[in-house]
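J.: Sending over a structure as structure tokens; questions will come in a sec.
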Amino acid sequence: MQINSPMIDRAIAELLAQSLSASAEQAKPAAKDAEDRDPWLVPIGVSNRHIHLSRPDMDALFGPGSELTRMKAMKQPGQYAAEETVTIRGPKGQIGKVRVLGPLRKETQIEVSVADGFTLGIKPPLRMSGKLEESPGIEVIGPYGTIRKERGVIVALRHIHMLPAEAAKLGLKNGEEVDVEVGGVRGGIMHNVTIRAAEASFMEMHIDVEEANAFGLKNDAMVRIRKV
Numbered sequence: 003m004q005i006n007s008p009m010i011d012r013a014i015a016e017l018l019a020q021s022l023s024a025s026a027e028q029a030k031p032a033a034k035d036a037e038d039r040d041p042w043l044v045p046i047g048v049s050n051r052h053i054h055l056s057r058p059d060m061d062a063l064f065g066p067g068s069e070l071t072r073m074k075a076m077k078q079p080g081q082y083a084a085e086e087t088v089t090i091r092g093p094k095g096q097i098g099k100v101r102v103l104g105p106l107r108k109e110t111q112i113e114v115s116v117a118d119g120f121t122l123g124i125k126p127p128l129r130m131s132g133k134l135e136e137s138p139g140i141e142v143i144g145p146y147g148t149i150r151k152e153r154g155v156i157v158a159l160r161h162i163h164m165l166p167a168e169a170a171k172l173g174l175k176n177g178e179e180v181d182v183e184v185g186g187v188r189g190g191i192m193h194n195v196t197i198r199a200a201e202a203s204f205m206e207m208h209i210d211v212e213e214a215n216a217f218g219l220k221n222d223a224m225v226r227i228r229k230v
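In this text, residue positions in the sequence shown follow this note's numbering: the first is 3, and each later residue adds one.
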């Protein structure tokens, strides 16, 4: 049997052309995803209790010159969950395995939930990160030593991280408060959500476990920003 080589070549060429065309069609949605994405939608990041340590407190809890062991990168650039954990103890009770987040900071800060405050026997205020004035202290227990902080325990206010350019695109500015609309069976409106626009940011709304449970939210769920 004689094989017609030109016919085979044409058939192969047609199949290749069809394959390339199909691949191009599949790539179009992915390529346009970024530009077509609704700029008012933002993913959720649920924050459990954790602690940020200063260099002196790191030395006191884990030993002089100790370093954090990176376990998992977080979405905000440069930030990560460390393998190290501590126990925090208040007048009424204690909570173990509180995760340390890196990198180290200028001042130690402990972020808990309202319910954690009941367990510990303290009343941490609702604050933005870094606003530690008149916040309660706590005992922190590590594998090397124990420290007593005179302040530093807060319940973090919900907020949205974004780049300044992203904020400008939405007509928002750093420090501005917005509402956030949540869909679903337990949906509703979150008021008093602060915009944190800064370089080296990843767009994400941070809420604590209690807020997530109340609205039926999980990590990466999408919610909608609404200007007040």
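Think of the CB as a built atom: it goes at the ideal place given N, C-alpha and C, for glycine as much as any other residue.
What does the alpha-carbon distance come out to for the pair S131 and S137?
T.: For the purposes of this step, residue 131 is taken as residue 129 along the sequence shown, with counting starting at 1. For the purposes of this step, residue 137 is taken as residue 135 along the sequence shown, with counting starting at 1. Taking the straight line from one Cα to the other gives about 12 Å.
J.: If you compare alpha carbons, which of F120, E86, S115 is closest to P105?
T.: Counting from one through the sequence shown, the residue named residue 105 turns up at place 103. For P105, the nearest C-alpha among the options comes from E86.
J.: By alpha-carbon positions, which one of A214, V230, K229 ends up nearest to P45?
T.: Locating residue 45 in the sequence shown gives position 43, where the first residue counts as 1. Closest by alpha carbon: A214.
J.: Looking at the structure shown, is L122 part of a helix, part of a strand, or coil, going by DSSP?
T.: Here residue 122 is taken as the residue at index 120 of the sequence shown, counted from 1. Three-state DSSP puts L122 in a helix.
J.: Taking its Cβ as the centre, do 16 or more other Cβ atoms sit within 10 Å of I148, making it buried, or is it exposed?
T.: In the sequence shown, the residue the question calls residue 148 occupies position 146. The question names Ile, but residue 148 in the sequence shown is Thr. Label assigned to T148: exposed.
J.: Looking only at C-alpha atoms, which of T71, M192, Q96 sits nearest to E179?
T.: Counting from one through the sequence shown, the residue named residue 179 turns up at place 177. Residue M192 is the option with its Cα nearest to E179.
J.: Would you say the beta carbon of P126 comes nearer than 7 Å to a heavy atom of the ligand COA?
T.: With respect to the ligand COA, the structure shown offers nothing to examine, as it has no ligands at all.
J.: Consult DSSP for R228 and reduce its assignment to one of helix, strand or coil.
T.: Indexing the sequence shown from 1 puts residue 228 at position 226. Here R228 sits in strand by DSSP.
J.: Checking 8 Å against the spacing of the C-beta atoms, do R153 and L134 come in under that value?
T.: As a first step, residue 153 must be located in the sequence shown, where it is residue number 151. As a first step, residue 134 must be located in the sequence shown, where it is residue number 132. Yes.
J.: Report the residue from K77, T71, R57 whose alpha carbon sits nearest the alpha carbon of S49.
T.: The residue given as residue 49 occupies position 47 in the sequence shown. Of K77, T71, R57, the residue nearest in Cα terms is K77.
J.: If I follow the unbroken beta strand (DSSP E) through L219, where does it start and stop?
T.: Within the sequence shown, the letter at position 217 stands for residue 219. Per DSSP, L219 belongs to no beta strand (DSSP E) and is neither H nor E.
J.: Between G177, G80, W42, G123, which lies nearest to G95 when the distance is taken from Cα to Cα?
T.: Locating residue 95 in the sequence shown gives position 93, where the first residue counts as 1. Nearest option by C-alpha distance: G123.
J.: If we count the other Cβ atoms within 10 Å of its Cβ and call it buried at 16 or more, is R39 buried or exposed?
T.: The residue labelled residue 39 in the question sits at position 37 within the sequence shown. Looking at its Cβ environment, which holds fewer than 16 other Cβ atoms inside 10 Å, R39 is exposed.
J.: Below 8 Å on the Cβ atoms is my guess for G139 versus V155; work out the distance and round it to an integer in Å.
T.: For the purposes of this step, residue 139 is identified with residue 137 of the sequence shown, where counting begins at 1. For the purposes of this step, residue 155 is identified with residue 153 of the sequence shown, where counting begins at 1. Yes, they are in contact, since the Cβ atoms of G139 and V155 sit about 7 Å apart, within 8 Å.
J.: Buried or exposed, going by whether 16 or more other CB atoms sit within 10 Å of the CB of V187?
T.: Position 185 of the sequence shown, counting from 1, holds the residue named residue 187. Result: exposed.
J.: If we count the other Cβ atoms within 10 Å of its Cβ and call it buried at 16 or more, is T110 buried or exposed?
T.: Residue 110 sits at position 108 when you count from the first residue of the sequence shown. Looking at its Cβ environment, which holds 16 or more other Cβ atoms inside 10 Å, T110 is buried.
J.: Would you check if the distance between the CB atom of T89 and the CB atom of I143 is smaller than 8 Å?
T.: Translated into the one-based positions of the sequence shown, residue 89 becomes position 87. Translated into the one-based positions of the sequence shown, residue 143 becomes position 141. Contact: yes.
J.: Tell me, which residues are paired with G163 by DSSP?
T.: On the sequence shown, residue 163 is found 161 positions in, with the first residue counted as 1. Just to set this straight, residue 163 is His in the shown sequence, not Gly. H163 pairs with R198, E206.
J.: Grab me the residues of E183's own chain with a C-beta within less than 7 Å of its C-beta, minus the 5 sequence neighbours each way, in chain order.
T.: As a working mapping, residue 183 is identified with position 181 in the sequence shown. Result list for E183: I191, V225, R226, R228, in chain order.
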